[in-house]
Structures are given as C-alpha cells and as structure tokens.
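> Got a structure for you, written out below as structure tokens; questions coming shortly.
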C-alpha cells in the first residue's frame, strides 16, 4: 500500500470515530435523544442484552464531569493532527508519538466501552 492509501485509511478511521463521538455528544447530551443505531434494550444472544440508555446514563459514562464521548472526541482530534503532522514531515519522532498515542487509546478502549 502506498503512502497516500495509508494516509486515507488512518484519516478515515479517525474521522469516523470523531463523527460518532460528536454525534453521541450532540444527540444524547444536548438533545436528549438516543443516537442512531441505539434502540430499546435488545437481546442479541442468549444472556446478552444491548442497552444504550443504560450505558450512556451509567455513572461510568463520565470521568468527573466529562462524558467519555467528549474524551474520545479529543483523542480522535489529536490522532488526526498527529497523522497529518507525520505525513507532512515524515518525522520519526512524530511517528513514535503517534504509535504511543494509539497504544494509549487501545489501552483505554476497554474502559471506554463499558
């Protein structure tokens, strides 16, 4: 894969994450409506129920007063900036920062998704 394809792929995933985080922030925290794809409690497997309202209204959906989706939006914005900086400069230092930034995101992801 060429450099342009990698840039497009990294930006597409990060922009998608930023859009979904902002959509939840706007729909749930500002309008008070369920985000798209978030329906009433739904059993997807025996013993496994998906309940967006329960998750979004949980005390674990915030770090202090900040919603996790707000932190995710900041993370994705910083990731987009790092990707653009790297592809503009090809600096190994920025690449290392981007690598550890993404590892940090993966390490925190299980907490964000609970």
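Numbering (the UniProt record's numbering), first residue to last: 1 to 114. Virtual Cβ for every residue (Gly too), placed ideally from N, Cα, C. All of these numbers come straight from a predicted model, not from anything done at the bench.
For residue 67, which residues does DSSP report across the bridge?
Answer by DSSP bridge pairing, in chain order: 62.
> Residue 29: buried (16+ other C-beta within 10 angstroms of its C-beta) or exposed?
Here residue 29 is exposed, its C-beta having fewer than 16 other C-beta atoms within 10 Å.
> Grab me the residues of residue 75's own chain with a C-beta within less than 7 Å of its C-beta, minus the 5 sequence neighbours each way, in chain order.
105
> Under three-state DSSP, which class holds residue 9?
helix
> In the DSSP assignment, find the unbroken alpha helix (DSSP H) run with residue 56 in it and report its ends.
52–56
> Do you know offhand how far residue 55's Cα is from residue 61's?
7 Å
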